[in-house]
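Asks: Residue numbers (our numbering): 4 to 534. Starting off with a structure, shown below.
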């Protein structure tokens, strides 16, 4: 009998044919509207956007016709036309370099697409047309600093003749050239003069807080991998050490500083340099990070130094828990019934196909790798950085990590705007999907650019339960805003996790207890027990 149920949490579950048909209709309309937007604005298409790629793939023939029309429309901007060519390449329509060259000659501003999307604008194995190089060389003088820097980097990568002169002219023409431009000039001509300009910019950063710095350190560290002159290398390493020593006391550390420590640690004098930084750096975070890298060179020295300076020694993994193969981890999962032997065999084969399958990977890491290969891991950042949050795409990620057990269709997220469209905190969400003949509708909280993970997990848990699926998504206790879920039978996972040494979050434990109780009922019904 068809009916509609509303739970105490506001979740609506319906088997009413009219409601299900209405969702199908609204979902189709939303998909068509989004497709039209993509075809009119190909710059919104990205291979990393699963939603866009899925819709384009489902409408491939029509999309190719529309994008080809845009590509050939001379009234459109060169950027739009090149973006259409990039999108066509994603749909397996190879670009014609002659067409790209004509667009570049007609619209100089289109070079930005060339700089970021060369791989999509040149067929595999094709020679790069001279027009591509000419456009890049001209872009070094672009008033946009980002575009000029990217053009310089491409000119270096492509070994374009005349790039060094063009870059020098651009540097001389502006009061404060971008750090990337200075670094490229240094790589093209490693000399005391070109290094001095980069070090001068680094010196301006000295002692500044983490978020008040330029990218000079990052650029210098990257350039150091290409320096062969010993005198220049010594001078640059000395400047890097000075910069790390002067970093103010702060809780964070930049990616450039971490890369700098890695660079110093890899040198023959790495242990001595790190010892100096650990003793003298102003920032406890820099000192701690240096101590960790010293442990990778000389564990005994690291422990002695930590004791001497009363610092907390970085955690060093027990040797007994290292060097584990995918097969060994899979055996643990099979033993406890988390995976069948057949699924484990396929997952191990996938592990063996990646580079260095016998790398020194601990038991937990290998087990998670095997589960990922078996299609039973969902991992993501709870902070989306976007609005709206696209809970619909998150639900599809759970479907992808369910080994085919969770199969939602017609997943649709809609937002209801408030009276003031600029008041983003006042928007409300509605998310709906169909699963196993039922419609599910719920209202995630508007948490800015953070997913309402609890709401999503509650409705998925209910849908799996209604479909009589015994597996559940259980959250690992890995802390932070990046979360990991495993899709497993809770009772089997409980014993496997104990042997693996994997902790679960409190929420996962509650989910597990509910699911275990449900699993027991299913087993009792199937076997006739308890009658």
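Just so it is clear, CB atoms sit at the ideal spot from N, CA and C, and this is done for glycine as well.
1. Contact between the stretch 92-102 and the stretch 118-133 is defined here as three or more beta-carbon pairs at a separation below 8 angstroms; is this criterion met?
2. So for residue 61, helix, strand or coil by DSSP?
3. With C-beta atoms as the reference, is residue 343 less than 8 angstroms away from residue 373?
4. Taking residue 496 as the reference, give the member of 439, 68, 478 with the closest Cα.
5. If contact is defined by three or more beta carbon pairs under 8 angstroms, each pair taking one atom from either stretch, is the stretch 66-74 in contact with the stretch 30-48?
6. Taking the Cβ atom as the reference point for each residue, do residue 295 and residue 317 lie within a distance shorter than 8 angstroms?
7. Identify the residues that DSSP records as bridge partners of residue 192: which are they?
8. What is the DSSP secondary structure of residue 341, counted as helix, strand or coil?
9. Roughly how many angstroms separate the alpha carbons of residue 229 and residue 249, rounded to a whole number?
10. Residue 420: which of 98, 396, 390, 234 sits nearest, CA to CA?
11. Under the three-state reduction of DSSP, which class applies to residue 1: helix, strand or coil?
12. Rounded to whole angstroms, what's the CA-CA distance from residue 223 to residue 201? Just pull it up for me.
13. Where residue 405 and residue 380 are concerned, what is the direct C-alpha to C-alpha distance, given to the nearest angstrom?
14. Near residue 401, what residues of its chain come up, given a Cβ to Cβ distance below 7 angstroms and the 5 sequence neighbours on each side ignored?
15. If we require 3 or more residues per run, which beta strand (DSSP E) segments fall completely within the stretch 394-447?
16. Tell me the DSSP secondary structure of residue 450 in three-state form.
17. Helix, strand or coil, according to DSSP, for residue 507 in the structure here?
18. Going by CA-CA distance only, name the one from 487, 314, 440 that's closest to residue 24.
19. Between the stretch 42-62 and the stretch 426-446, do at least 3 Cβ pairs fall closer than 8 angstroms?
20. Does the beta-carbon of residue 413 have 16 or more other beta-carbons within 10 angstroms, so that it is buried, or is it exposed?
21. Can the beta-carbon of residue 282 be found less than 8 angstroms from the beta-carbon of residue 257?
22. What's the gap between the Cα of residue 332 and the Cα of residue 265?
23. Run the CB neighbour count on residue 203, radius 10 Å, all protein chains shown included, and call it buried at 16 or more, exposed below.
24. Using only alpha-carbon positions, find the residue among 12, 375, 81, 147 that is nearest to residue 117.
25. If you measure between the beta carbons of residue 150 and residue 115, is that distance less than 8 angstroms?
26. Mind checking which residues open and close the beta strand (DSSP E) that includes residue 17?
27. What whole-angstrom Cβ distance do residue 329 and residue 369 have, given they're in contact under 8 angstroms?
28. For the beta strand (DSSP E) that contains residue 7, what are its first and last residues?
29. Would you kindly work out how many angstroms separate the C-alpha atoms of residue 205 and residue 334, rounded to a whole number?
30. Going by C-alpha distance, which of 253, 303, 227 is nearest residue 270?
31. With DSSP run on the structure shown, which of helix, strand or coil describes residue 389?
32. Look at the alpha carbon of residue 210 and the alpha carbon of residue 48, and state the distance between them as a whole number of angstroms.
33. Have a look at residue 490 and residue 457 and give me their C-alpha separation to the nearest angstrom.
Replies: Result, derived from the coordinates:
1. yes
2. As a first step, residue 61 is located in the chain shown; it is residue number 58 there, counting from the start. Helix, per DSSP.
3. Mapped onto the chain shown, residue 343 falls at position 340. Mapped onto the chain shown, residue 373 falls at position 370. No. Outside cutoff.
4. Mapped onto the chain shown, residue 496 falls at position 493. The candidate whose alpha carbon is nearest that of residue 496 is 478.
5. yes
6. Within the chain shown, the letter at position 292 stands for residue 295. Within the chain shown, the letter at position 314 stands for residue 317. Against a cut-off of 8 angstroms, the Cβ pair of residue 317 and residue 295 comes out as a contact.
7. Here residue 192 is taken as the residue at index 189 of the chain shown, counted from 1. Residue 192 pairs with nothing; no bridge assigned.
8. Indexing the chain shown from 1 puts residue 341 at position 338. Three-state DSSP puts residue 341 in coil, outside helix and strand.
9. Start at 1 with the first residue of the chain shown, and residue 229 comes out as number 226. Start at 1 with the first residue of the chain shown, and residue 249 comes out as number 246. Their Cα atoms are separated by approximately 26 angstroms.
10. As a working mapping, residue 420 is identified with position 417 in the chain shown. For residue 420, the nearest C-alpha among the options comes from 390.
11. The question about residue 1 has no answer here: the residues shown for the chain are numbered 4 through 534.
12. By 1-based counting over the chain shown, the position of residue 223 is 220. By 1-based counting over the chain shown, the position of residue 201 is 198. C-alpha separation (whole angstroms): 7 angstroms.
13. Stepping through the chain shown from its first residue, residue 405 is reached at position 402. Stepping through the chain shown from its first residue, residue 380 is reached at position 377. The straight-line gap from Cα to Cα measures roughly 7 angstroms.
14. Locating residue 401 in the chain shown gives position 398, where the first residue counts as 1. Only 381, 409, 463, 476 meet the Cβ criterion.
15. 412-419, 431-438, 441-445
16. Residue 450 sits at position 447 when you count from the first residue of the chain shown. Three-state result, residue 450: strand.
17. On the chain shown, residue 507 is found 504 positions in, with the first residue counted as 1. It is a strand residue.
18. The sequence position of residue 24 within the chain shown is 21, counting from 1. Out of 487, 314, 440, 440 has the C-alpha closest to the C-alpha of residue 24.
19. no
20. Taking the chain shown and counting its residues from 1, the one referred to as residue 413 is at position 410. By the neighbour-count rule (16 or more Cβ atoms within 10 Å), residue 413 is buried.
21. As a first step, residue 282 must be located in the chain shown, where it is residue number 279. As a first step, residue 257 must be located in the chain shown, where it is residue number 254. No.
22. Within the chain shown, residue 332 is the residue found at index 329, counting from 1. Within the chain shown, residue 265 is the residue found at index 262, counting from 1. Their backbone Cα atoms lie some 30 angstroms apart in a straight line.
23. As a working mapping, residue 203 is identified with position 200 in the chain shown. By the neighbour-count rule (16 or more Cβ atoms within 10 Å), residue 203 is not buried but exposed.
24. Numbered from 1 along the chain shown, position 114 holds the residue referred to as residue 117. Per the Cα distances, 81.
25. Taking the first residue of the chain shown as position 1, residue 150 is located at position 147. Taking the first residue of the chain shown as position 1, residue 115 is located at position 112. Taking 8 angstroms as the Cβ cut-off, residue 150 and residue 115 qualify as a contacting pair.
26. Here residue 17 refers to the residue found at position 14 when the chain shown is read from its first residue. Note, residue 17: beta strand (DSSP E), 15-17.
27. The residue given as residue 329 occupies position 326 in the chain shown. The residue given as residue 369 occupies position 366 in the chain shown. The pair is a contact, with the Cβ atoms about 6 angstroms apart (cut-off 8 angstroms).
28. As a first step, residue 7 is located in the chain shown; it is residue number 4 there, counting from the start. First-last of the beta strand (DSSP E) with residue 7: 7-9.
29. Along the chain shown, one-based indexing puts residue 205 at 202. Along the chain shown, one-based indexing puts residue 334 at 331. One C-alpha to the other measures close to 52 angstroms.
30. The residue given as residue 270 occupies position 267 in the chain shown. For the residues 253, 303, 227, the minimum Cα distance to residue 270 belongs to 227.
31. In the chain shown, the residue the question calls residue 389 occupies position 386. DSSP places residue 389 in coil when its eight states are reduced to three.
32. The residue you call residue 210 lines up with position 207 of the chain shown. The residue you call residue 48 lines up with position 45 of the chain shown. Going from the Cα of residue 210 to the Cα of residue 48 covers about 41 angstroms.
33. Counting from one through the chain shown, the residue named residue 490 turns up at place 487. Counting from one through the chain shown, the residue named residue 457 turns up at place 454. When rounded, the distance between both Cα atoms is 16 angstroms.
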